[in-house]
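In our numbering, the protein residues as written are 6 to 382.
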């Protein structure tokens, strides 16, 4: 399992490590805010388009080849900028990284489900989510150190080595999991399965959690600065958010497997805790920022392993790649939609009302969870 966890760390570290350092350390390549926005959107845009496709490919030829191919492609795309070192090739490298992550991320999730019994899905996805949270936490910090020491090329070089090392590790340690025979599926069959509440409810919860996480990382520092806090205090708040998410996920997965927590009640509680965190963000000062960070981190950490465990347990094994790819698409839409919603409302009113809008939206989610039980554990 550890090479799969390392794959999750790689995509998280690569996404946030570069995104957090593009604007401040690459004046030759990032000449305006529009260029910066384009480079940031390129990675996520590739994932939105390609994750469902690579998930389906994993079901067809096996998740392991797609995992290994994606990791090798990630290393190659990262090495491209190390060799070329020009603004134009930075765009190509970033697009290649996003496309490669679209291949190995849903494949890793599918293998986590295939290689563990249904009774152990909670613990497995909790550990997988923990490693991704560590990547999200270390990305901006360690990435900043690397860029300070050797420029953006050094960070890309480290990512190339990381992707290649995880690929070799996975090739040696991850067993061959052959694709399962499956009945022919039409587009209408796929649409019916994805429209089923058993899929929609946990995916909506995952999208809401990712939206809140993205808003917390992006907008809590803005609230901190408005309250007169320095960069150290606001950076610590974001670290608290990531740390809480990392600590809660393995415990939530373990509680699910041991029967101390049901997926339905866990998703419900996670959405309410996350909404409460956004409500705390409306409070002024350091206390509001820290409470918001802790609650948003805890709520998203509760939702993530439970949501994926529900999807894994309610999906035919031969369709796991497709389901995980589609669920990852939902998370990417939440990742983009949450900040857009908050920013739109804040532009018309204030940031306080932006937090309130997303909090209300997430608090309404538990009603859906109660109406459509996401699955039996």
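Backbone N, C-alpha and C fix where the C-beta goes; we use that ideal spot for every residue, glycine too.
Given the structure is predicted, the values throughout are model-derived calculations rather than measurements.
Inset, instruction - Tell me the start and end of each unbroken alpha helix (DSSP H) in the segment 296-375 that is at least 4 residues and wholly inside, in chain order. - result: 325-353
Legend entry - Beta carbon of residue 272 nearer than 8 Å to that of residue 312: yes
Legend entry - Closest by C-alpha distance to residue 81, when choosing among 162, 62 and 7: 162
Legend entry - Exposed unless 16 or more other CB atoms sit within 10 angstroms - verdict on residue 99: buried
Legend entry - Short Cβ contact (8 Å threshold) for residue 107 with residue 56: yes
Inset, instruction - Measure the alpha-carbon distance for residue 438 versus residue 183 and round it to whole angstroms. - result: The question about residue 438 has no answer, for the chain in this structure spans 6 to 382.
Inset, instruction - In angstroms with no decimal places, state the Cα-to-Cα distance between residue 190 and residue 233. - result: Legend: pLDDT at residue 190 = 48, less than 50; position of this residue unreliable, no value from coordinates given.
Inset, instruction - Can you give me the Cβ contacts of residue 192 inside the same chain, cut-off strictly under 6 Å, excluding the 5 residues immediately before and after it? - result: Because the pLDDT of residue 192 is 49, which lies under 50, any placement of that residue in the model is unreliable, and the number read from its coordinates should be weighed accordingly. If we look at residue 192 and ignore the five residues flanking it on each side, it has no Cβ neighbours.
Legend entry - residue 267, enclosing alpha helix (DSSP H) - first and last residue: Where residue 267 is concerned, there is no enclosing alpha helix (DSSP H), given that its DSSP letter is neither H nor E.
Inset, instruction - Taking residue 67 as the reference, give the member of 114, 297, 208 and 22 with the closest Cα. - result: 114
Legend entry - DSSP three-state assignment for residue 91, whether helix, strand or coil: coil
Legend entry - Start and end residues, alpha helix (DSSP H) containing residue 162: 126-178
Legend entry - Delimiting residues of the alpha helix (DSSP H) encompassing residue 233: No alpha helix (DSSP H) contains residue 233, which DSSP labels as neither H nor E.
Inset, instruction - Please name the residue in 153, 242 and 143 whose C-alpha comes closest to that of residue 19. - result: 143
Inset, instruction - Locate the alpha helix (DSSP H) running through residue 9, then write down its first and last residues. - result: 7-24
Legend entry - Three-state class that DSSP yields for residue 120 in the structure shown: coil
Legend entry - Contact set for residue 148: own chain, Cβ-Cβ below 7 Å, skip 5 residues either direction: 22, 23, 25, 26 and 160
Inset, instruction - Put residue 286 into one of helix, strand or coil per three-state DSSP. - result: coil
Inset, instruction - Determine the DSSP secondary structure at residue 84, reduced to helix, strand or coil. - result: helix
Inset, instruction - Kindly indicate which residue of 174, 305, 266 and 349 has the alpha-carbon position closest to the one of residue 135. - result: 305
Legend entry - Test item: CB-CB of residue 116 and residue 69 under 8 Å: yes
Legend entry - Closest Cα partner of residue 316 within the set 205, 217, 77 and 367: 205
Legend entry - Distance between residue 361 and residue 219 (C-alpha atoms, nearest Å): 15 Å
Inset, instruction - Please confirm whether residue 213 and residue 345 have their CB atoms less than 8 Å apart. - result: no
Legend entry - Cutoff 6 Å; reference residue 296; Cβ partners in own chain excluding five residues on either side: 285
Inset, instruction - Figure out for me which residue from 74, 11, 343 and 300 has the closest Cα to the Cα of residue 278. - result: 300
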